[in-house]
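The structure appears right after this line, and notes come after that.
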Amino acid sequence: MADKNPIHDTAEQAGAAKQSSDPQNPSVISSGGAVGKQFNPDGSIGQIGEAIGGPFSKDGAIGSQFDASKGGIAGTVEKLVDGPSNPSKNPKQ
């Protein structure tokens, strides 16, 4: 099924317009940045969800939204900032 979500489309376009995606200097809110990495399963916030388990674990209905490599909330942000876990697929101009 094709993705027809205007928010996802806008994030994709914004990520593609970004001048560079430097893995050595990621955006603060990307999965590799100072704030974003805290939401990863091994980060300080992500560990709380893993400890609670169920829907809050990384594979649960809520926790999976914070997986930057997928299309949930974190994935959309990752695409917007052209982050390392879900880079924009559109070619840079």
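The UniProt record's numbering puts the first residue of the sequence shown at 1, with every later residue one more than the last. Glycine residues also receive a C-beta, built at the ideal position from the N, C-alpha and C atoms.
- Start and end of the alpha helix (DSSP H) containing G83? Neither: G83 is in no alpha helix (DSSP H) and is coded neither H nor E.
- Which residues mark the beginning and the end of the alpha helix (DSSP H) in which I7 is found? 6-17
- Would you please state the rounded distance, in angstroms, between the beta carbons of P84 and S31? I believe it to be under 8 Å. 6 Å
- Does the beta-carbon of K79 have 16 or more other beta-carbons within 10 angstroms, so that it is buried, or is it exposed? buried
- Would residue 94 be called buried (16 or more neighbouring beta carbons within 10 Å of its own) or exposed? Because residue 94 is not part of the residues shown, which for the chain are 1 to 93, the question remains open.
- Is the distance from the Cβ of residue 99 to the Cβ of P41 below 7 Å? Beyond the ends of the chain as shown, which are 1 and 93, falls residue 99; an answer cannot be given.
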